[in-house]
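All remarks here apply to the structure that follows.
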Amino acid sequence: MLKRILLGLVVVCGTSAAALAEEPQPGGVVNVVIQPEPPSLMVGLVQNGPTQMIAGNIYEGLLRYSPKLEPLPGLAESWTVSEDGKVYAFHLRKGVSWHDGKPFTSADVLFSIDFLKQTHPRARGNLAQLEKVEAPDDYTVVFKLQQPFGPFLGIFEVGSLPMIPKHIYEGTDYKTNPANNTPVGTGPFMFKEWQKGSFIHLVKNPNYYIAGKPYIDEIYWHVIPDAAARSVAFETGKVDVLPGGSVENFDVPRLSKLKNVCVTGNGWEFFSPQSWLWLNNRSGPTANKKFRQAVMFAIDRNFAKDVIWNGLGKVATGPSASSIKYYTSDVPKYDYDPTKAKALLKEAGYNGEKVRLLPLPYGETWQRWAEAVKQNLQDTGINVEMVATDVPGWNQKVSDWDYDIAFTYLYQYGDPALGVGRNYISSQIAKGSPFNNVEGYSNPEIDKLFADGAVAFPGSKRGEIYDKAQKILVDDAPVAWLLELQFPTITRCNVKNLVTTAIGVNDGFRDAWIDK
Amino acid sequence: MLAFIAQRIAKAVVVLLAIVVLNFFLIRMAPGDPALVMAGEAGASDKIFVAQLRDKFGLDKPLPVQLYTYVRGIIGLDLGFSFRQQMPVSKLILDRLPATLLLTGTAFVISLAFGVLFGMLAARWAGTWADTAITVLALIFYATPLFWVALMAILLFSVTMDWLPSFGYETVGANYTGLTHVLDVGAHLILPATTIGLFFMATYARMTRASMLEVKRLDFVKTARAKGLRDAVIQRRHVLRNALLPVVTLAGLQAGTLVGGAVLTETVFAWPGIGRLMYEALLQRDYNLLLGVFVVCSAMVLAFNLVTDLIYRSVDPRIEFAA
């Protein structure tokens, strides 16, 4: 069988020319904000945002990703894909060891796959097409798929498929293994201390397999629960990095004007957070396509981008974010047009029934956004009632489909088969999850297109399929897409090279350094 | 007296158990459960994942079975396991206890000492400008929301003047020891302790002033004066002592809340105490942790009520123990 070799070129993607021109300096301590406090740093068992953000520096995946979502070498230094797209062979780096000194080998990869299929809901879905995985030698791993799975090379990022040490977990109860409190990975930083409620301390891995890296000696992740207090901590110089979402958006312009402060919206390309309003397709006014289209025309999304999000992000054109694969902008357009919205409402026969709007209870920015949307909808004659909840209440309501219109945003993981289809296909209509087809949209043609798109090979065929799916979805407007979100990462400018990959701060400290 | 204490303790145990049962059901009436919250945080969930979590936390069992398991644990002094923090609840509470006691204890001492002092002075100088100043300030501190005071204190003393740290319990990474460490913790303590203390200080001051003015008018004070006692002695031995009962009641109530911490202040100042633990447990529907904090707080309130009753007796010997 002829194999197409995709060489893992060792490149430093996304690095600015200025940073390349400078010589990295070793040493230094970085103080970073983390919120909320993660429940655990064992990313094989817990995958919430803060866990991934810290654990991405302790654990590693087989691949990393450039901002354009091209795979980069991680623990695998190169990889090959068979012509039929069913066999992926990964060649592991040699000389890699776990933080306790034991060597990292292909046996750890096989163990990790088995481990994650039991504990990691997203990995379980991503590996659904896996027929078997084999290790012909200590440094080669071969994945054989039942049928081609287009996004397969995109599932090896550290949060999606972290490598777990076999010698620590094999034969134990994973969930109660004491090592969960003192995580052992292969990454550039090692766990040192966690004072619950205060800070998490990581130190440089002196035996890291890339000579000279990491440059930074220590990282302190500070747990500061109040958004205003996080702003003050940065303003007073007590912390150097505010990862995306750490402060309210209205504080960003003020902080960004401080001396030696840099702001970037990069580092979210892999996640591509896309926000929209779930419109309950099952009953009430939102079950009517014309009503849903009216909502799309009624909302001033440029206002939300420019005012509520301080210009960060992009107006969403449809189900896929523009940063993920197979995005097309060639879809029906919904510019802000209240007159058209009113006409559509009339056509829909809307008679002023009350619709419940459920904001996302993630802080002041989201509350203000909900108020702006409420105002937009009311301006076209929609009778909106805002429903207040906390996070568990929000989870419960959307998981039970107890809403008319609900704010949300979800990650897309770089590929429509991983993070887009789940929100629109019929098989994903099930109570009990806030991440599936919560709106209850059902269209056999869309089901088929997403099923075909996931397994079509090569990529060009996938593009045609997803183009068609996007056009149908945008016309049907099962939800009202809002913005492609960008969460600004705010840093001292002398913290260099932090955001260079598609997951930004989550694996960024490997290459970061401090200009003293 | 022993019979009185024994009876009060027996009653307290019954009340505590009733609180546990009531809280158990109240918490579960709130929408959302820990499995859904954790699945939500994970950014992905499937039926297997949520079922695994429910099984792990025992949430798939009937409510009476969950209650029985929990109450049995409480009787055996086992507060259970925190769903989200993945640690025993008792360890989480004990870990946070020193920070909370330091914060609320300091606030308690500051507020009681200065509150009573200012109340005495205001009563002593009733009707003068000093009385007016104390009364007005006390009213302002009493009426101002804590979180606003906290934010303004941070703005003034941390951001503008850069005198005091704005968050945390100590300077992380400084590894201070000995006196330097004590001073460092002290510097971190000033803003949050003062923020909490101001409200109670105002309350004590107002209460002491009002109570002293009332007692001052009573006959036995006139008698003391007629006997030729010095004013300072009259104020301290006769007026203050008799005026202290309502202050002791309030102090007892405040002391009972010491362990519960101060949710707002601990959140704004990132103080790693029990108040924050409780707040986060509520947001995460971490039932066992939340119930555990409630149990400990309730026990403390009951204990301090008992202590308050005992103090009444020493402040005012006319009060008798009625078993």
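Going down the list, the protein sequences come from chains A and F.
Sequential numbering of the first sequence, starting at 861, is according to our numbering.
Sequential numbering of the second sequence, starting at 120, is according to our numbering.
Backbone N, C-alpha and C fix where the C-beta goes; we use that ideal spot for every residue, glycine too.
Here the structure is a predicted model, which means the values were calculated and not measured.
Within 8 Å, strictly: CB atoms of residue i and residue j
| i | j | result |
| --- | --- | --- |
| Ile253 of chain F | Ala241 of chain F | yes |
| Ala1201 of chain A | Thr1240 of chain A | yes |
| Leu186 of chain F | Gly192 of chain F | no |
| Ile1363 of chain A | Ala1329 of chain A | no |
| Thr225 of chain F | Leu317 of chain F | no |
| Gly921 of chain A | Leu935 of chain A | yes |
| Tyr1069 of chain A | Arg953 of chain A | yes |
| Val1365 of chain A | Thr1349 of chain A | yes |
| Phe202 of chain F | Phe176 of chain F | yes |
| Met320 of chain F | Phe233 of chain F | yes |
| Gly375 of chain F | Phe423 of chain F | yes |
| Asp1111 of chain A | Ser1091 of chain A | yes |
| Lys1026 of chain A | Phe971 of chain A | yes |
| Val1280 of chain A | Gln1288 of chain A | no |
| Leu1021 of chain A | Ile1028 of chain A | no |
| Ile194 of chain F | Ile393 of chain F | no |
With 16 other Cβ atoms within 10 Å as the buried cut-off, status of residue i
| i | result |
| --- | --- |
| Leu302 of chain F | exposed |
| Glu1129 of chain A | buried |
| Pro436 of chain F | exposed |
| Val278 of chain F | exposed |
| Trp1373 of chain A | buried |
| Pro181 of chain F | exposed |
| Tyr1075 of chain A | buried |
| Gly955 of chain A | exposed |
| Thr1046 of chain A | buried |
| Pro899 of chain A | buried |
| Ala1158 of chain A | buried |
| Ser1377 of chain A | This structure cannot settle anything about residue 1377 of chain A, because the visible part of chain A is limited to 861 through 1376. |
| Ala269 of chain F | buried |
| Gln1006 of chain A | exposed |
| Lys1185 of chain A | buried |
Chain A within 8 Å of residue i, Cβ atoms only
| i | result |
| --- | --- |
| Ala149 of chain F | yes |
| Gln126 of chain F | no |
| Phe388 of chain F | yes |
| Gly287 of chain F | yes |
| Gly199 of chain F | no |
| Asp250 of chain F | no |
| Lys166 of chain F | yes |
| Arg404 of chain F | yes |
| Asp179 of chain F | no |
| Ala442 of chain F | Since pLDDT at Ala442 of chain F reaches only 45, below the 50 mark, its modelled position is unreliable, and the value read off the structure follows with that caveat. Ala442 of chain F does not count as touching chain A. |
Neighbour flag for residue i against chain F, beta carbons, 8 Å
| i | result |
| --- | --- |
| Val1121 of chain A | no |
| Ala1311 of chain A | no |
| Pro896 of chain A | yes |
| Lys1376 of chain A | no |
| Asp1086 of chain A | yes |
| Gly1253 of chain A | yes |
Assigned secondary structure, residue i (DSSP; H/G/I helix, E/B strand, else coil)
| i | result |
| --- | --- |
| Gln1055 of chain A | strand |
| Val132 of chain F | helix |
| Met913 of chain A | helix |
| Thr1124 of chain A | strand |
| Val420 of chain F | helix |
| Gly1368 of chain A | helix |
| Thr1188 of chain A | coil |
| Ala949 of chain A | strand |
| Met902 of chain A | coil |
| Leu410 of chain F | helix |
| Asn361 of chain F | helix |
| Phe200 of chain F | strand |
| Pro884 of chain A | coil |
| Thr1042 of chain A | coil |
| Val1298 of chain A | coil |
| Pro1133 of chain A | coil |
Check: residue i C-beta below 7 Å from any heavy atom of the ligand SAH
| i | result |
| --- | --- |
| Gly347 of chain F | Of the ligands one can find in the structure shown there are none, so the ligand SAH has no counterpart to examine. |
CB contact check: residue i to chain B, cutoff 8 Å
| i | result |
| --- | --- |
| Ile315 of chain F | No chain B appears in the structure shown, which is made up of the protein chains A and F. |
Members of the segment 1049 to 1064 of chain A near chain F, C-beta cut-off 8 Å: Gln1055, Lys1056, Gly1057, Ser1058, Phe1059 and His1061
Near-chain A residues of the segment 201 to 232 of chain F - C-beta to any C-beta below 9 Å: Ser201, Phe202, Arg203, Gln204, Gln205, Met206, Leu211, Asp214, Arg215 and Ala218
Selection of the segment 323 to 339 of chain F by Cβ proximity to chain A, strictly under 9 Å: none
The segment 250 to 277 of chain F: positions lying closer than 7 Å to chain A by Cβ: Leu270, Ile273 and Ser277
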